[in-house]
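Asker: First the structure, then my questions, so here it is.
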Amino acid sequence: MAPLQRRPMQHIDRKDLYVNLEARIQYLHSFLDFSSNDIEALITGSKYIKALIPAIVNIVYKKLLQYDITARAFETRSTSYEGPVDPNLNENSPQILHRKMFLRGYLNKLCSDPSRMEFWEYLDKVGMMHVGQARVHPLHIEYVHIGACLAFIQDVLTEAILSHPRLKLDRKIALVKALGKVIWIQNDLFAKWYVRDGDEFADEVIIPEIEREGYLHGKKILHDGSESESEAESEPSGGCPFKGMAVNTNGGNVGGITRTMGRMNVNGHSGSDAEPSRSDTMSPAQPATPAPTPASPSPNPFAASGIPRPAGSGSP
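So, in structure tokens, the structure goes:
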């Protein structure tokens, strides 16, 4: 009787996952089928995400200030500290405005080019900075709050994209899927610094030198959107459907986004460029048709980076 043939498997070196960031990113890309289609969806959809950033920042900090355990980090730099905190801490406190600036920069970074290894290096550094490393003034945030905050940001983004009045359904699906993969890779790059898996390789992990926040290898890579076009990364061409929307932090409409009873709706938009509503919305009475596969960009976005295109992505 002939021996059974083992199914082919891709080899993943366990040690590399803990000491080689690029190998870890390659594995996550392959496992999640993160391909050039996802990169195209993120790049072409970045103008819609950028328009939401001011409102998202206000919503996130409103949430963080609802709980004493997350609010205390802005006074003590640690969620494990149980001493007294500033009772008058609010969304306009100097330390909160300072942190909002960096959250804006971080969300803008998510709208940059994920085909470059620098993109993933910075996401890894964000994880490291929250465990007390790579900062002049160490910051310690326990992982439970990190995971909850990432999930909250993903929820806000997902609802805003799916309720957009002018995006076609296939583009909504592609953008939500791509963002979900990026946020979950970010979640892994947080967990990488918190969990004890791979501790036997700790002596071989290279800890970067301390740098100013928003910098990587001595270069400023984080922008909060307030810089001039020559200072910040170029934005995609095309009109922004949220242009001119006001930000109101006193409840109700926040930056064009209404959060009520756990729901969020992007305020209605009108104009000659609006697409038919049947292309933008999906209801129980209207089953979705299969979304066409977004066209792969040319040339291959992975070609110029150290991140090879995941096998089986179907892109040339």
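Each number in this note's numbering comes from the position in the sequence shown (counting from 1) with 41 added on.
C-beta atoms are modelled at their ideal positions from N, C-alpha and C, and glycine is treated no differently.
1) Just the C-alpha distance for E123 and G173, rounded to the nearest angstrom, thanks.
2) Express the C-alpha separation of C152 and S134 in angstroms, rounding to a whole number.
3) For the alpha helix (DSSP H) that F29 lies in, which residues bound it at each end?
4) Taking V52 as part of the alpha helix (DSSP H), name the residues at either end of that continuous run.
5) From the DSSP secondary-structure annotation, give me the bridge partner or partners of K103.
6) Quick one: is P226 buried, meaning 16 or more other Cβ sit within 10 Å of its Cβ, or exposed?
7) Going by DSSP, name the residue or residues bridged to S119.
8) Spell out whether any CB of chain D is found under 8 angstroms from the CB atom of L220.
9) For Y59, which residues in the same chain have their Cβ closer than 6 angstroms to its Cβ, ignoring the five residues on either side in sequence?
10) In terms of residues, what are the limits of the alpha helix (DSSP H) holding I262?
11) In three-state terms, what does DSSP make of N131?
12) Leaving out the 5 sequence neighbours to the left and right, which residues in its chain are closer than 6 angstroms to A64 when beta-carbon positions are compared?
13) Is DSSP giving L257 helix, strand or coil here?
Answerer: From the atom records:
1) 18 angstroms
2) 27 angstroms
3) Because the chain spans 42 through 357 in this model, residue 29 falls outside it and cannot be assessed.
4) Note that residue 52 is His in the sequence shown here, rather than Val. That residue, H52, is in no alpha helix (DSSP H); it is neither H nor E in DSSP.
5) K103 pairs with nothing; no bridge assigned.
6) Residue 226 is actually Ile in this sequence, not Pro. So I226 counts as buried.
7) H181
8) Judged by its chain identifiers, the structure shown contains no chain D, having just a single protein chain.
9) G239, F242
10) First-last for I262: undefined, no H or E at that position.
11) coil
12) D57
13) strand
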